[in-house]
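Novice: Just passing along the structure, written as structure tokens.
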Amino acid sequence: MTTEDKTTQTNSAFTLNVRDDGVAILSMDVPGESMNTLKVEFAEQIDAVLEQIKADSSIKGVVVISGKENSFVAGADISMLAACGSAEDATTIAKGGQDMFQRIEDMSVTFVAAIHGPALGGGLELALACHYRVCSDDAKTQLGLPEVQLGLLPGSGGTQRLPKLISVQQAMKMMLTGASVRAKQAKKYGIVDDMVPQSILLDVAIEMAKKPKPKRNGPKLDLMGKFLENTSVGRNLMFNQARKQTASKTQGNYPSPELIIDCIETGLSQGFRKGLEVEAKHFGNLVMSSESAALRSLFFATTDMKKETGVQGVQPARLKKVGVLGGGLMGGGIAFVTATKAGLPARIKDIRSEGIANAIKYSFDILNKKVKRGFMQKMAMQKQMALLTGSIDYSGFSDADVVIEAVFEDLTLKQNMVAEVEENCAEHTIFASNTSSIPISQIAAKAKRPEQVIGLHYFSPVDKMPLAEVIAHEKTSDQTISTTVELAKKQGKTPIVVKDGAGFYVNRILAPYMNEAAEVLLSGEPIDHIDKSLVKFGFPVGPVKLLDEVGIDVGTKIGPILQAQFGDRFASNPGFDKILADDRKGKKNKRGFYDYSGKNPGKEVDASVYTLLGITPASKMSHEQIAERCVLLMLNEAAMCLDEGVVRNARDGDIGAIFGIGFPPFLGGPFRYMHTLGITHVVARLEHYQGLLGDKFTPAESLKKMVEEGHSFY
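Residue numbers for the sequence shown follow my numbering, so the first one is 14 and each next one is one higher.
Structure representation (structure tokens):
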């Protein structure tokens, strides 16, 4: 029976169609938006629908489904949190969501969530309040509670309902990482009761809605799981361990994970009601925290950037094929994101056939791992691999729209590449250089078509790092900029357009920070103490470890290029030359600042470095002092970059630093951090160190001017 005999529709986001077999289809379709998000004002609309269902005795069951083609509910509308003036206001929002979902759970008729596409945050909490859940087996379907990524926690019952439904450990893992699970995993963990093809999703949900509400006995657990989750000793052990691991990961910089654990533990030990009360209270406090404010500003910034083209009003050219020059790690990574994310054919050229084989193997290894873990079907992998081809000459390059060069940092070599591409490719082909520091104007100096030469700087490893710097020199055309930005977006990157110049933006602000860490080391501070200081501050790795990871030879190449353009504030300490002279390149040749032999490669410092540098390590400075010295120089350089127009605005500068070098996201980026500290404070601290350590700490003129005029970045 599929005839619909009673339909209710107002200008509401919810439509109720009552079928003559007693099953009502409750469809959610937020007007004028591509995805459904939950808003505070929906509480009244849902109330009205629930009252209608209660009043209609012919309704035996309800299927909740999305009116959007490719998503269920993408979460709550977080822009409403900006209006909260206090923690109490935010707690009220959480309580409103909790009450709404509780009303659904308490309904006498059976509610079924029919999920296709993302069910995230409040969307999953809505589904959890239903009595049954069924999802499509589509690749678009994913379920998760990603609130932790915004410095928040699930505030509408998620911290209570998910651990009750599935294993506490699995629920906790999902909430603490914010990672979503695909349909197959959701079924395996017990989040959904069934997984079916999208074509029969509604039919299966309708049959479920005719069943009585289920009596659930909690998740199926193995012996160890039963001990950890069902005994007080086990629970104590589980939560203590979770807190310990969380503290080592967050370094105390992110408050939400600790509070998520607290909510789950409260619900288990003191009951569902108390759990909800604590959840709403913690949610309110987190909304008002500086960490969440910074992470939410980052979310809005990246969302806005997705809508922008490289140059306003200039549309990108169509992309059909990409060429990659160089089969090394960068070339292999660029080819991978081109084929797998952008879905474009990538033609790789290398002077050796082994180089091409290695570049293609790079993609094979990543995709094969996904197939083995069940995240991907073999057929999909084969389809993506078929987009990768290679040659040791320019055959197959004549129809490439963009050719990305990823060869050694050598100006003459790169200029030769430009000439070869102009000779062997089409008139319209864009030449994009993945240089990390050589000005693009120099690479384009001998080009016949300089307007089609641009920088496209990726970060290593390309398959993981989200940023790409798009660098236009004076002659680069607007269409070249827009097309390159579009390509980077298709490859899954967040691109920022930056002005040409040595080091561009990211490496330019990184260099003084790294140089200062080297100065601190040469003054006798232990390597692990320096690295720990910056990890405590919030960076994913310390500066000395970073140099080992990137390659000491690569890291030190940028310095002279920056010094040539910007002068002595970029001069590195000559004492460091001894490291390279000793053939220490870092992790890649297993000789660096850290020891790569033994059981824990890269975990312990190689003490012979101290002898080589002629220093006796002894810790005299605190973690805070070391972090302040290194970070202040990065902040100061960022201010100069903005003043010179290297980045278009503070927002792009913040995104570039977070996504390119792992600047602590909870601080919102260098500009947001200076704004929070206060520009007066930043200038005072720079002047303090200028007096102690010399002119490299001279505050940027723009910062001093801001203090005089009482301005800030935001």
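C-beta atoms are modelled at their ideal positions from N, C-alpha and C, and glycine is treated no differently. Quick caveat, the model's predicted, so the values are computed rather than measured.
Measuring alpha carbon to alpha carbon, tell me which of Glu529, Met208, Thr50, Gly203 ends up nearest Gly231.
Specialist: Selected option, being the one with the closest Cα: Gly203.
Novice: By how many angstroms is the C-alpha of Ala670 removed from the C-alpha of Leu680?
Specialist: Distance between the alpha carbons of Leu680 and Ala670 is about 11 Å.
Novice: Does the stretch 253 to 265 come close enough to the stretch 149 to 162 that 3 or more CB-CB pairs lie under 8 Å?
Specialist: Segments in contact, no.
Novice: Give me the Cα-Cα distance between Ile565 and Leu625, rounded to the nearest whole angstrom.
Specialist: Taking the straight line from one Cα to the other gives about 15 Å.
Novice: How long is the line joining the alpha carbons of Lys717 and Phe579, rounded to whole angstroms?
Specialist: About 20 Å.
Novice: Going along the chain, which residues of its own chain have a beta-carbon closer than 7 Å to the beta-carbon of Gln576, five neighbours each way excluded?
Specialist: Once the five neighbours on either side are set aside, the close Cβ partners of Gln576 are Phe583, Ala584.
Novice: Indicate whether the contact test is met: 3 or more Cβ pairs, each with one atom in the stretch 638 to 649 and one in the stretch 705 to 725, closer than 8 Å.
Specialist: The stretch 638 to 649 is in contact with the stretch 705 to 725.
Novice: For the pair the stretch 389 to 402 and the stretch 418 to 435, tell me if three or more CB-CB distances fall below 8 Å.
Specialist: Taking 8 Å as the limit for Cβ pairs, the verdict is that the stretch 418 to 435 does not touch the stretch 389 to 402.
Novice: First and last residue of the beta strand (DSSP E) that includes Thr123?
Specialist: 123 to 128 is the extent of the beta strand (DSSP E) around Thr123.
Novice: Out of curiosity, what's the CA-to-CA distance linking Asp18 and Pro225?
Specialist: With a pLDDT of only 44 at Asp18, under the threshold of 50, the placement of this residue in the model should not be trusted, and no figure is reported.
Novice: Tell me the rounded alpha-carbon separation between Asp476 and Gly346.
Specialist: Asp476 and Gly346: Cα-Cα distance of roughly 6 Å.
Novice: How about Gln111 and Ala355: are their beta carbons less than 9 Å apart?
Specialist: Not a contact, by the Cβ cut-off of 9 Å.
Novice: Return the first residue and the last residue of the alpha helix (DSSP H) that Ala37 is part of.
Specialist: Element bounds for Ala37: not the alpha helix (DSSP H) but the beta strand (DSSP E), 36 to 41.
Novice: Between the stretch 94 to 110 and the stretch 141 to 153, do at least 3 Cβ pairs fall closer than 8 Å?
Specialist: No: fewer than three Cβ pairs fall under 8 Å.
Novice: Distance, Cα to Cα, Leu163 vs Asn249?
Specialist: The straight-line gap from Cα to Cα measures roughly 28 Å.
Novice: For Lys718, which of helix, strand or coil comes out of DSSP?
Specialist: Here Lys718 sits in helix by DSSP.
Novice: Val161 and Asp207 look like a contact to me (Cβ under 8 Å); what is the Cβ gap, rounded to whole Å?
Specialist: Val161 to Asp207, Cβ: 28 Å. No contact.
Novice: I'd like the span of the alpha helix (DSSP H) that includes Cys438, first residue to last.
Specialist: Careful: Cys438 lies outside any alpha helix (DSSP H) and carries neither H nor E.
Novice: For Phe55, which residues from the same chain have a beta carbon less than 7 Å from its beta carbon, with the 5 sequence-adjacent residues on both sides left out?
Specialist: Excluding residues within five positions, the ones whose Cβ falls inside 7 Å are Ala26.
Novice: Closest by CA to Ala89, which one among Ser454, Ser47, Gly135?
Specialist: Among Ser454, Ser47, Gly135, the Cα nearest to that of Ala89 is on Gly135.
Novice: Does the distance from the C-beta atom of Gly323 to that of Ser454 stay below 9 Å?
Specialist: No; because the gap between Cβ atoms is not below 9 Å, this pair is not in contact.
Novice: When the distance is taken between beta carbons, is Gly336 closer than 9 Å to Lys362?
Specialist: In this structure, Gly336 lies closer than 9 Å to Lys362 by Cβ.
Novice: Are there 16 or more other CB atoms within 10 angstroms of the CB of Thr20, so buried, or fewer, so exposed?
Specialist: Legend: pLDDT at Thr20 = 49, less than 50; position of this residue unreliable, no value from coordinates given.
Novice: Measure the CB-CB distance between Lys598 and Pro614 and report whether it falls below 9 Å.
Specialist: The answer is no: Cβ separation not under 9 Å.
Novice: Can you tell me which of the three DSSP states Gly247 falls into?
Specialist: DSSP places Gly247 in helix when its eight states are reduced to three.
Novice: What's the gap between the Cα of Thr16 and the Cα of Glu321?
Specialist: For Thr16, the predicted model reports a pLDDT of 41, less than 50, meaning its position is unreliable; a value from the coordinates is still stated below. Going by the C-alpha atoms only, they are around 45 Å apart.
Novice: I need the straight-line Cα distance from Thr28 to Val695, nearest angstrom please.
Specialist: Looking at the two C-alpha atoms, the distance is approximately 54 Å.
Novice: By the three-class DSSP mapping on this structure, what secondary structure does Ile213 have?
Specialist: Here Ile213 sits in helix by DSSP.
Novice: Quick check: what's the CA-CA separation for Val31 versus Glu101?
Specialist: Roughly 39 Å separates the two Cα atoms.
Novice: Which same chain residues end up closer than 6 Å to Pro329 when comparing Cβ atoms and leaving out the 5 residues on each side of it in sequence?
Specialist: Ser495, Thr496, Glu499.
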